[in-house]
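Here the sequence shown stands for residues 6 to 163, where the numbers follow the numbering used here.
What follows is a set of notes on a single structure, which appears directly below.
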Amino acid sequence: MGDKMGAKEKIMETVVALLSEGKDITKVTNRDIAAIAGVNSALINYYYQSKENLIDLAAGECMARIGGTLSADAGSTPPIERIRVMLKNFTEFCLHHTSLAEIAVNAELKSGSLYTSRMLFPLFKEHFGEHKTDLEIKLITIQLLNPMQMMFLNRGEY
Numbered sequence: 006m007g008d009k010m011g012a013k014e015k016i017m018e019t020v021v022a023l024l025s026e027g028k029d030i031t032k033v034t035n036r037d038i039a040a041i042a043g044v045n046s047a048l049i050n051y052y053y054q055s056k057e058n059l060i061d062l063a064a065g066e067c068m069a070r071i072g073g074t075l076s077a078d079a080g081s082t083p084p085i086e087r088i089r090v091m092l093k094n095f096t097e098f099c100l101h102h103t104s105l106a107e108i109a110v111n112a113e114l115k116s117g118s119l120y121t122s123r124m125l126f127p128l129f130k131e132h133f134g135e136h137k138t139d140l141e142i143k144l145i146t147i148q149l150l151n152p153m154q155m156m157f158l159n160r161g162e163y
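So this is what it looks like as structure tokens:
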């Protein structure tokens with residue numbers, strides 16, 4: 006981690022790296038995180054209020070980074086096909102990185118599925134054009150995402 010990076014950023018990058026490596030973050034203490042980041046452990050609560058909050062934000066950051074790499078290229082592919090590809094890629098990623106995905110999905114549900122909905126919105130807007138209002142499109146994305154998220158979190162029952 007660069008010398009110019011502040012303590013808050015070092016903490017975030019440390020947790021993002023741990024999550025990306027597949028570490029069981031529940032077994033990592035605040036002191037462990039601080040030691041790896043090279044900061045005082047009190048700064049975790051100062052900047053992020055709690056370890057849970059920090060983990061939720063870091064999982065969201067991981068998913069955002071991954072989301073950009075899983076998107077389907079526009080080219081001549083219709084938007085509905087790009088939506089299918091993106092959702093399929095995310096599903097496969099989640100099944101292979103269940104602990105990270107579980108944290109991210111839980112955090113996403115707590116926030117009202119806003120991040121993923123915002124990511125899908127432009128594709129749905131392109132697909133529906135002027136046939137649907139922005140509000141209708143936002144509702145469609147949430148209606149699509151929520152059952153998928155709930156099935157993932159309760160995958161043992163499905």
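Heads up, the beta-carbon is just placed ideally off N, CA and C, and yes, glycines get one too.
If you're wondering where the values come from, they're calculated on a predicted model, not measured in any experiment.
Collapsed DSSP secondary structure at residue i in the structure displayed
i      : result
Gly161 : helix
Gln54  : coil
Ser116 : coil
Asp61  : helix
Lys137 : coil
Pro83  : coil
Glu26  : coil
His101 : helix
Asn45  : coil
Met10  : coil
Val33  : coil
Distance between residue j and residue i (C-alpha atoms, nearest Å)
i      : j      : result
Met10  : Ala22  : 15 Å
Thr146 : Arg123 : 9 Å
Ser55  : Thr19  : 15 Å
Leu140 : Leu158 : 27 Å
His101 : Phe95  : 10 Å
Val90  : Pro83  : 11 Å
Glu131 : Lys28  : 38 Å
Pro127 : Phe98  : 22 Å
Supposed contact pair residue j and residue i - C-beta distance, whole angstroms, cut 8 Å
i      : j      : result
Tyr163 : Met156 : 5 Å
Residue i burial status per 10 Å Cβ neighbour count (16 or more: buried)
i      : result
Leu59  : buried
Leu144 : exposed
Asp61  : buried
Thr138 : exposed
Lys32  : exposed
Tyr51  : exposed
Arg160 : exposed
Q. If you pair each beta-carbon of the stretch 61-69 with each one of the stretch 98-110, do three or more pairs fall below 8 Å?
A. Touching, yes.
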